Amino acid sequence: MQSIPSFDNKYLKIVKTLAVSFGVTYIPVFIVRQLLCYVYFSYKGFLFEDPKKPSLKTKIWGIFRKFLSFVSPPQLESCDRLLPRMPVPKLEDTVEKYLQSIEHTMNKDEYNIVKEQAEQFLKEEGPRIQRYTKLYSLLVDNYVTPFWVKYAYLYGRSPLLINSSVGHGDLFEDAPATWAYRAAHIVYIEYMSHLAIDKQQYKPLGEGLVCSRHYQNMYAVTRIPGEEIDYRDDYGISKYVIVAFEGRLYRIDMCDENNMLYSIDDLSKIFYELLNRGLTPIEDARGKIPALTHDKRDQWARNRKKFFLENETNKKALAEIEAAVIFISLDKEDYGHDSQKPEKLSHFLLNMLTGDGTNRWVDKSLNYVISQNARAGGTTEHSIADGAEFDHILENFVFLDTEYLEYPPIEEQKQIEKIDESDKNKLKLSRELEFDVNDEMASEIDRCYEAHLKQKDDLDLASLIFTEFGKGLIKKCGVSPDAFIQMAIQLANYRDQGKFVLTYEPASVRFFRDSRTETLRTVSQYSVNFVYAMFNENATVRN
11 MQSIPSFDNK YLKIVKTLAV SFGVTYIPVF IVRQLLCYVY FSYKGFLFED
61 PKKPSLKTKI WGIFRKFLSF VSPPQLESCD RLLPRMPVPK LEDTVEKYLQ
111 SIEHTMNKDE YNIVKEQAEQ FLKEEGPRIQ RYTKLYSLLV DNYVTPFWVK
161 YAYLYGRSPL LINSSVGHGD LFEDAPATWA YRAAHIVYIE YMSHLAIDKQ
211 QYKPLGEGLV CSRHYQNMYA VTRIPGEEID YRDDYGISKY VIVAFEGRLY
261 RIDMCDENNM LYSIDDLSKI FYELLNRGLT PIEDARGKIP ALTHDKRDQW
311 ARNRKKFFLE NETNKKALAE IEAAVIFISL DKEDYGHDSQ KPEKLSHFLL
361 NMLTGDGTNR WVDKSLNYVI SQNARAGGTT EHSIADGAEF DHILENFVFL
411 DTEYLEYPPI EEQKQIEKID ESDKNKLKLS RELEFDVNDE MASEIDRCYE
461 AHLKQKDDLD LASLIFTEFG KGLIKKCGVS PDAFIQMAIQ LANYRDQGKF
511 VLTYEPASVR FFRDSRTETL RTVSQYSVNF VYAMFNENAT VRN
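Each residue of the sequence shown is one higher than the last, beginning at 11 in the numbering used here.
Next comes the structure, spelled out in structure tokens:
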């Protein structure tokens, strides 16, 4: 019979020492992290109080917040793992709120059918699904986000432009810049933003109280099409941008031979040289290659494989495009805003949302458009993040563009951007990407281009800058500006259509770990009562 091995005191001392060391170091850290997560980061009482009259609990929490921010200022994502997990609501509450949200959007018979189905769901598969959801929520950072990204975005087979991607524009005023200098300003700021996010130097919103995980998707990220589902590729730190101009695609490096970032003045010379090469614009299919990305996702996946991955020349160009920081289009058009011609603003924002069928690489996380009168805007691919991240990036861009990095006078810009032979030897000038376009590929390019123009023509977009009053006046009335706008939409829709329809607006849930948005159902008994009261001549102000 084999004897049980014995351990002498030497080994027992080592084990005890390791156990004590582990307990002394890890357990306090674990306790502190749990307290931060479930006490400090979970407290939301301040959201429901008058900022001028906070409760004692909120005052104590605020002092602790100031202390933490002073002792250890949060970096961009440093607090993300400390945020609480999104809780799973009670099944009965979810079903009840769902029924309330649809009650006024259908007739009584239709509602009774759905209500009966909901009651059946509560008795049968509902409890089982609820248990699975609770278990799953304990195993992942966020039980909603993976499904939301996968099924709301990546599984979508429709073209991204118009249907999914987000359009954006700069300030409604002309920039004091030449075309080349404005382009240099934009790529410089965006590249600095790219580096700041990578180094965690981007100042987080709410001093770490909200999730910042999705900022990493903003730059050098491409949505790769698949026949059934897309996926995203993150290329890390990229050192160049891709520029579309007059039917050609170019690579512009952001750093010199010594890996030093070019200055705005140097970049303006590079853009000036590109804009003044005097090449004949390409009018045929070879000048519309980006149109292929405007197609349905499954068809674009097949074309990408056939025309790019199976062709060495095109494969190399595709790899450069997809790994770029951003995609930029230099448009020979004057965009802007004229209070006497509101259609001019509508035209600008329509083109920022849709493009012209050739000036977006739709898969890229960020597309920028810079017009010849120095206006800027573009398109953002939506699977990467939501409005909160987009707004933060653009707000920082506007601040840097208008306040921090001032433009020299126009005449001085014109002198700066002029390029001589010594500059050409010192700078890495833009390099045109090469493509091999056969007849079959040209035919597909033309088809995608025409299909996109047809979709664009079917889109109605009207824009208006409203200046009579803003959120300040609404707040003085004791009303949420967001609620004011939502009720205005409900009233206008009912006045036009004579009925209520399913409506939702994105609601941020970024107080939770790895969170994005939830759907806030606007139609409720309260909104319905408000609309009816507005049509009732006998209704009082209280009604």
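For glycine and all other residues, C-beta sits at the position ideal for the given N, C-alpha and C.
These figures come from a predicted structure and were not determined experimentally.
Item checked: 9 Å Cβ cutoff, S349 in contact with chain D -> You won't find chain D in this structure, because it holds only one protein chain.
Notebook entry, point to check: Who pairs with F255 in a beta bridge, going by DSSP?
Noted result: R258
Next item on the list: Express the C-alpha separation of K133 and V551 in angstroms, rounding to a whole number.
Entry: 44 Å
Checklist line | Whole-angstrom distance between L328 and V231, CA atom to CA atom | finding: 13 Å
Check: Apart from the five residues on each side of it in sequence, which residues of its chain come closer than 7 Å, Cβ to Cβ, to M11?
Finding: Reliability of the predicted coordinates at M11 is poor, the pLDDT of 47 falling under 50, and no value is obtained from them.
Item checked: Contacts around D208, its chain only, beta-carbon distance under 7 Å, and the 5 residues preceding and following it disregarded -> I247, listed in sequence order.
Next item on the list: Compute the Euclidean distance between the alpha carbons of I112 and R531, then round it to the nearest angstrom.
Entry: 9 Å
Note to self: Less than 8 Å between C-beta atoms, sequence neighbours within five positions excluded: which residues of the same chain meet that for V124?
What the structure shows: L109, I112, M116
Next item on the list: Please report the residue range of the beta strand (DSSP E) in which N377 lies.
Entry: 376-381
Notebook entry, point to check: Should E353 and G297 be called a contact, given that it needs their Cβ atoms to be closer than 9 Å?
Noted result: no
Item checked: Start-to-end residues for the alpha helix (DSSP H) that takes in A517 -> No alpha helix (DSSP H) contains A517, which is instead part of the beta strand (DSSP E) from 514-518.
Check: In whole angstroms, what separates the C-alpha of C221 from that of Y50?
Finding: 15 Å
Next item on the list: Would you give the residue range spanned by the beta strand (DSSP E) that A386 belongs to?
Entry: 386-390
Next item on the list: Decide if E515 is buried, meaning its Cβ has at least 16 other Cβ atoms within 10 Å, or exposed.
Entry: Counting Cβ neighbours within 10 Å, E515 comes out exposed, since fewer than 16 surround it.
Notebook entry, point to check: If we ignore side chains and look at the alpha-carbon of each, how far apart do V98 and M264 end up?
Noted result: 46 Å
Note to self: So Y225 and Y241 are supposed to be a Cβ contact under 8 Å. How far apart are they, rounded?
What the structure shows: Incorrect: roughly 19 Å between the Cβ atoms, too far for contact.
Margin query: Just list the residues that DSSP pairs E528 with in beta bridges.
Written below: A517
Check: For the putative contact between L340 and I380, defined by C-beta atoms under 8 Å, what is the C-beta separation to the nearest angstrom?
Finding: Right, their Cβ atoms sit about 6 Å apart.
Next item on the list: Check the DSSP bridge columns for R242 and list the partner residues they point to.
Entry: Note: R242 is bridge-paired with R233 in the DSSP secondary-structure output.
Item checked: S566 - containing beta strand (DSSP E), residue span -> Outside the displayed span of the chain (11 to 553) sits residue 566, for which this structure offers no information.
Next item on the list: Go through the stretch 28-102 residue by residue and report every complete run of the alpha helix (DSSP H) that reaches 4 residues or more, in order.
Entry: 66-81
Item checked: Span separating the alpha-carbon of K325 from that of V159 -> 28 Å
Checklist line | Candidates R370, L363, E405, R526, of which the one nearest G177 by Cα | finding: L363
Next item on the list: Determine the extent of the beta strand (DSSP E) in which H178 is found, giving its start and end residues.
Entry: 176-179
Next item on the list: Confirm, please, whether the CB-CB distance from T390 to N377 is below 9 Å.
Entry: yes
Note to self: Does G33 pass the burial test, meaning 16 or more other C-beta atoms within 10 Å, or should it be called exposed?
What the structure shows: exposed
Checklist line | Per-residue DSSP class, three states only, for C458 | finding: helix
Next item on the list: May I ask you to report which of helix, strand or coil DSSP gives D119?
Entry: helix
Note to self: According to DSSP, simplified to helix, strand and coil, what is Y198?
What the structure shows: It is helical.
Check: Excluding the five sequence neighbours on either side, which residues of its own chain have a C-beta within less than 6 Å of the C-beta of D151, listed in chain order?
Finding: R523, D524
Check: When the Cα of Y542 is compared with those of V105, H114, C487, A162, which residue comes out closest?
Finding: H114
Next item on the list: Tell me where the alpha helix (DSSP H) around Y542 begins and ends.
Entry: For Y542, the uninterrupted alpha helix (DSSP H) run begins and ends at 535-544, by DSSP.
Margin query: Am I right that Y229 and E427 are in contact with their C-beta atoms under 8 Å? What's the rounded C-beta distance?
Written below: Not really, about 25 Å apart at Cβ, beyond 8 Å.
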